[in-house]
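Undergrad: Can you read through this structure? Questions will come right after.
There are 2 protein chains.
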Amino acid sequence: MKLSDKVIAAIKKDISSGRLKKGTKIPAEPELMEVYQVGRSTIREAIKTLSIAGILKVQQGSGTFVASKVKDESLTQRLRRAEFEEVNTVRAVLENEMVRLACENRKAADLDRMMELLEQRQKAITANQQKKCADADIAFHISIAKASGNQVLADLYENFSLVLLDFFSKREQSIEHFQRSQPAHEGLAAAIAKQDDKSAEQYLKSILHHNY
Amino acid sequence: MKLSDKVIAAIKKDISSGRLKKGTKIPAEPELMEVYQVGRSTIREAIKTLSIAGILKVQQGSGTFVASKVKDESLTQRLRRAEFEEVNTVRAVLENEMVRLACENRKAADLDRMMELLEQRQKAITANQQKKCADADIAFHISIAKASGNQVLADLYENFSLVLLDFFSKREQSIEHFQRSQPAHEGLAAAIAKQDDKSAEQYLKSILHHNY
DNA sequence: TTTAATTTAAACATCTGATGTATGGATGGT
DNA sequence: ACCATCCATACATCAGATGTTTAAATTAAA
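Going line by line, the protein sequences match chains H and U.
So the first sequence is residues 0 to 211, counted in numbering that gives the first Met the number 0.
So the second sequence is residues 0 to 211, counted in numbering that gives the first Met the number 0.
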């Protein structure tokens with residue numbers, strides 16, 4: 000087995016695992032040399048083969064890019080699971096506190112804002128607009144953070160929401176997923192309105208678990 | 000107000016909000032022109048100012064990079080109202096999870112780092128150096144965040160620590176305060192080392208309450 | 001209205017880093 | 001010894017980034 004074949008397999012694996020997505024630029028040859036601990040000729044041999052196969056596309060002066068997907072579903076799920084757990088853990092910690100405080104301190108204006116965003120979420124679902132859906136979803140949770148009355152917590156969550164947005168975009172969340180969790184979101188809003196912290200906690204739990 | 004000042008504010012905001020992290024390359028001038036809808040001179044004027052201020056660092060032929068972190072204005076502003084309660088609430092939420100996870104996942108290297116920072120904290124106390132003391136204190140808690148094994152949580156806490164630093168400086172924490180809480184910090188580190196989450200929780204409670 | 005500062009636009013230089021190409025040497029199996 | 005493989009180096013070529021200069025258009029102030 001030639002060395003370049005090992006590199007080919009490694010690059011293919013990186014593509015199928017999701018570390019290298021379609022359209023993304025792969026590392027430059029010098030960097031690949033360090034990563035795979037081989038000479039430049041070997042790297043170029045591998046790239047040439049993958050390029051002929053249509054998997055990669057090279058552009059002189061610019062770089063080499065992934066031209067096609069090589070999907071391995073089970074593997075991508077497993078590899079993203081670690082990062083996924085981390086994000087969800089942090090999210091759960093923040094949202095639990097947010098919801099608890101929101102039940103105590105929510106004002107009428109907060110409830111209006113929450114309902115408004117829930118409507119936007121539903122509209123985006125029926126219109127099959129995924130990005131708007133994710134935006135509305137996160138905006139809704141931010142509105143809960145603000146309703147908590149703790150501005151520091153709200154600012155921190157707003158910062159964290161950037162991570163969530165990036166996270167959603169990577170996961171390719173289906174509209175169906177948002178559809179399924181819509182009732183839980185409405186229940187959560189209602190519980191906060193009624194200041195029923197026990198019920199709110201249950202709905203939140205449901206929302207967070209729907210992510211699995 | 001000059002147009003370039005608006006661009007400066009926008010870039011600063013992007014940095015403080017975390018959209019642009021330290022060390023990352025900011026978009027090239029042509030792209031910034033599109034994003035902010037201004038000419039190249041304006042972009043360059045803004046970049047020049049931020050570069051002189053040490054916030055950005057330009058490298059010809061390569062790009063412009065973020066050189067330093069910027070404190071989140073909205074967060075520091077809240078502190079002026081002396082709403083320490085809010086800060087402590089958020090801190091408690093984050094640290095509780097951090098400590099819980101650190102007890103499970105701490106590696107030997109994490110424990111070494113923690114002990115090293117505790118020594119620095121003690122040295123700063125005996126040397127009566129308040130700033131170094133606060134730095135070591137926060138660095139210690141950051142090391143716990145990293146020991147949790149949750150990179151997302153660690154990043155979030157590191158961002159939040161900027162608020163804590165400001166918090167300490169405004170409160171004029173005395174050296175005596177740090178001295179009093181040193182045993183609790185050492186106890187916390189020992190508990191994490193022994194993976195005794197119950198004990199760790201108690202020490203953390205003590206540390207957080209010492210802030211009042 | 002005139003004047004000056006600001007902003008824009010374009011052209012070109014320069015630097016960095018990417019791939020393309022060529023060559024020689026080291027290595028290991030046949 | 002032969003030969004395919006691999007490594008190392010140098011240089012060419014291309015793309016894209018910032019640096020610089022200049023002129024025109026726009027805006028604000030005198």
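Built from N, CA and C at the ideal position, the CB exists for glycine as well.
1) Could you spell out the range, first to last residue, of the alpha helix (DSSP H) harbouring U/GLY186?
2) Cα-Cα, which of H/SER180, H/TYR156, H/SER3 is closest to H/ALA45?
3) Whose C-beta lies closer than 8 Å to the C-beta of U/LEU49 among residues of the same chain, with five residues either side of it excluded?
4) Just to confirm, is the Cβ distance from U/TYR156 to U/MET97 under 8 Å?
5) Indicate whether the contact test is met: 3 or more Cβ pairs, each with one atom in the region 122-134 of chain H and one in the region 172-192 of chain H, closer than 8 Å.
6) Kindly confirm or deny that the region 193-211 of chain H and the region 112-121 of chain H touch, where touching means at least three C-beta pairs closer than 8 Å.
7) For H/PHE159 and chain U, any beta-carbon pair shorter than 8 Å?
8) Using 8 Å as the threshold, is the C-beta distance between H/ILE143 and H/SER160 below it?
9) Could you have a look at H/THR23 and say whether DSSP puts it in helix, strand or coil?
10) For a cutoff of 8 Å on Cβ pairs, would you count U/THR23 as touching chain H?
11) For the region 135-162 of chain H, enumerate the residues whose C-beta is nearer than 7 Å to any C-beta of chain U, in chain order.
12) Return yes when the Cβ of H/SER67 is within less than 8 Å of the Cβ of H/LYS24, no when it is not.
13) Could you check the C-alpha separation between U/ASN87 and H/ASP136 for me, to the nearest Å?
14) Strictly under 8 Å for the Cβ-Cβ distance: is H/GLU96 near chain U by that measure?
15) At least one CB of chain U closer than 8 Å to the CB of H/VAL6: is that the case?
16) From the DSSP output, in three-state form, read off U/GLU200 for me.
17) U/LEU117 and U/HIS184: beta carbons closer than 8 Å?
18) Residue range of the beta strand (DSSP E) that U/VAL65 falls in?
19) Along the beta strand (DSSP E) that carries H/VAL37, what are the first and last residues, could you check?
20) Could you tell me which chain H residues have their CB closer than 8 Å to the CB of U/ARG18, listed as they occur along the chain?
21) Output the distance between the C-alpha atoms of U/ILE14 and U/VAL65, rounded to the nearest integer angstrom.
22) Anyone know if the C-beta pair for H/ILE191 and H/ALA101 falls short of 8 Å?
23) Taking the Cβ atom as the reference point for each residue, do U/ALA16 and H/ASN149 lie within a distance shorter than 8 Å?
24) Going by other Cβ atoms of all chains shown within 10 Å of its Cβ, with 16 needed for buried, is U/THR125 buried or exposed?
25) Let me confirm a value: H/SER147 is counted as buried when at least 16 other C-beta atoms fall within 10 Å, else exposed. Which label applies?
26) Starting from the beta carbon of H/GLU85, find every residue of chain U whose beta carbon is closer than 8 Å, and list them in chain order.
27) By the three-class DSSP mapping on this structure, what secondary structure does H/GLN58 have?
28) Using the beta-carbon of each residue, which ones in chain U are nearer than 9 Å to H/VAL92?
29) I'd like to know if U/THR63 contacts chain H, where contact means its C-beta is closer than 8 Å to some C-beta of that chain.
30) Hey, out of H/ALA188, H/ILE206, H/GLU28, whose CA is closest to H/ASP109's CA?
31) Between H/LEU203 and H/MET113, what straight-line distance do the alpha-carbon atoms span, to the nearest angstrom?
32) Find the nearest neighbour of U/LEU164 within the set U/VAL69, U/ILE42, U/GLN59, judged by alpha-carbon distance.
33) Return yes when the Cβ of H/GLU85 is within less than 8 Å of the Cβ of U/LEU93, no when it is not.
34) At the 8 Å Cβ level, is H/THR88 part of the contact set with chain U, yes or no?
35) The alpha helix (DSSP H) with U/ASP4 in it runs from where to where?
36) Just to confirm my understanding: we take U/VAL57, look at its own chain, exclude 5 residues before and 5 after, and list those with CB closer than 6 Å. What are they?
TA: In this structure, then:
1) 174-192
2) H/SER3
3) Apart from the 5 residues on each side of it in sequence, U/LEU49 sits with its Cβ closer than 8 Å to the Cβ of ILE7, ILE10, LYS11, LEU55 in its chain, given in chain order.
4) yes
5) yes
6) no
7) Yes, contact with chain U.
8) Taking 8 Å as the Cβ cut-off, H/ILE143 and H/SER160 do not qualify as a contacting pair.
9) Coil.
10) no
11) Against chain U - using a Cβ distance shorter than 7 Å - the residues of the region 135-162 of chain H are ASN149, GLN150, VAL151, LEU152, ASP154, LEU155, ASN158, PHE159, LEU161, VAL162.
12) no
13) 28 Å
14) yes
15) Taking Cβ atoms only, chain U never reaches closer than 8 Å to H/VAL6, which makes this a no.
16) helix
17) yes
18) 62-65
19) No beta strand (DSSP E) contains H/VAL37, which DSSP labels as neither H nor E.
20) Around U/ARG18, the beta-carbon contacts reaching into chain H at under 8 Å are LEU161.
21) 8 Å
22) In this structure, H/ALA101 lies closer than 8 Å to H/ILE191 by Cβ.
23) For clarity, residue 16 of chain U is Ser in the given sequence; the question names Ala instead. Contact: no.
24) exposed
25) Per the 10 Å Cβ criterion, buried.
26) ASN149, GLN150, VAL151, LEU152
27) strand
28) VAL92, LEU93, ASN95, GLU96, LEU152
29) no
30) H/ALA188
31) When rounded, the distance between both Cα atoms is 15 Å.
32) U/VAL69
33) no
34) For H/THR88, the nearest CB of chain U lies under 8 Å from its own CB, placing it at the interface with that chain.
35) 2-15
36) SER50, THR63
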